[in-house]
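To keep things clear, I will list the structure first and then write my remarks on it.
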Amino acid sequence: MPNSIDDYYQSLLSTAAQLPFIHSSDISLDKRTAQTGLIRGNLYFADGSRLHFRELIELQTTVVRHMYSYHYQNADNSIIFRYDDTPHYPHLPNFPHHKHAGSQNIVITADAPTLEQVLQEIESAWPLPENR
3 MPNSIDDYYQ
13 SLLSTAAQLP
23 FIHSSDISLD
33 KRTAQTGLIR
43 GNLYFADGSR
53 LHFRELIELQ
63 TTVVRHMYSY
73 HYQNADNSII
83 FRYDDTPHYP
93 HLPNFPHHKH
103 AGSQNIVITA
113 DAPTLEQVLQ
123 EIESAWPLPE
133 NR
């Protein structure tokens, strides 16, 4: 586990820099304390799609995300999926965690993913030679 919010932020920057399917990135940290911060970013992919994300992180004995959103859209700005914890679907079993899937805005129950899990989902959907 990271020792500080700066360490957590650096790990996200490192992840974005190392993945070959990420064309460019813009990630910022609004540091609140040594253990707390709001991280926002955009990851741009070679096909023009992008992932906009934000996480309000507090490091305790584990990484606690008080708020998150991972919004993946194609080059035409149509949603592919979005994970978030906005509390507007109380009937779902994992409330407030859920996933919006596709342009029809289908909402399904989902566990709260990490950024790394979201990137794995994006990568697995890509027809890249590395995935074959």
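Numbering-wise, the sequence shown is residues 3 to 134 according to our numbering. Every residue gets a Cβ at the ideal spot worked out from N, C-alpha and C, and that includes glycine.
Provide the residue(s) that pair with residue i in DSSP beta bridges, ordered along the chain.
i	result
Ile-29	Gly-43
Asp-86	Ser-71 and His-100
His-54	Asn-44 and His-73
Glu-60	Thr-38 and Val-66
Ile-81	Gln-75
Among residues of its own chain, excluding the 5 on either side of residue i, which ones have a beta-carbon nearer than 7 Å to its beta-carbon?
i	result
Thr-2	The question about residue 2 has no answer, for the chain in this structure spans 3 to 134.
His-68	Leu-58 and Glu-60
Ala-103	Phe-83 and Ile-110
Trp-128	Phe-23
Pro-95	Thr-111
Lys-179	The question about residue 179 has no answer here: the residues shown for the chain are numbered 3 through 134.
Report yes if the C-beta distance between residue i and residue j is below 8 Å; otherwise report no.
i	j	result
Ile-41	Arg-56	yes
Ile-29	Gly-43	yes
Tyr-91	Val-120	no
Ala-48	Phe-23	yes
Leu-14	Leu-117	yes
Ser-105	Ile-124	no
Ala-114	His-99	yes
Going by CA-CA distance only, name the one from the options that's closest to residue i.
i	options	result
Phe-97	Thr-88, Glu-118 and Arg-67	Thr-88
Ile-7	Ala-112, Tyr-74, Thr-35 and Tyr-46	Thr-35
Thr-111	Lys-33, His-93 and Ser-105	His-93
Gly-50	Leu-15, Ile-108 and His-25	His-25
Leu-45	Ala-18, Gln-37, Tyr-70 and Val-66	Ala-18
Gln-75	His-54, Ala-114 and Pro-115	His-54
Helix, strand or coil for residue i per DSSP?
i	result
Thr-17	helix
Counting only the same chain and skipping the five closest in sequence on each side, list residues whose C-beta sits under 8 Å from that of residue i.
i	result
Leu-21	Leu-121 and Glu-125
Tyr-10	Pro-4, Gly-39, Ile-41, Ile-59, Leu-61 and Val-65
Asn-107	Ile-81
Excluding five sequence neighbours on each side, which residues of the same chain lie with their C-beta closer than 6 Å to the C-beta of residue i?
i	result
Ser-71	Arg-56 and Asp-86
His-73	His-54 and Arg-84
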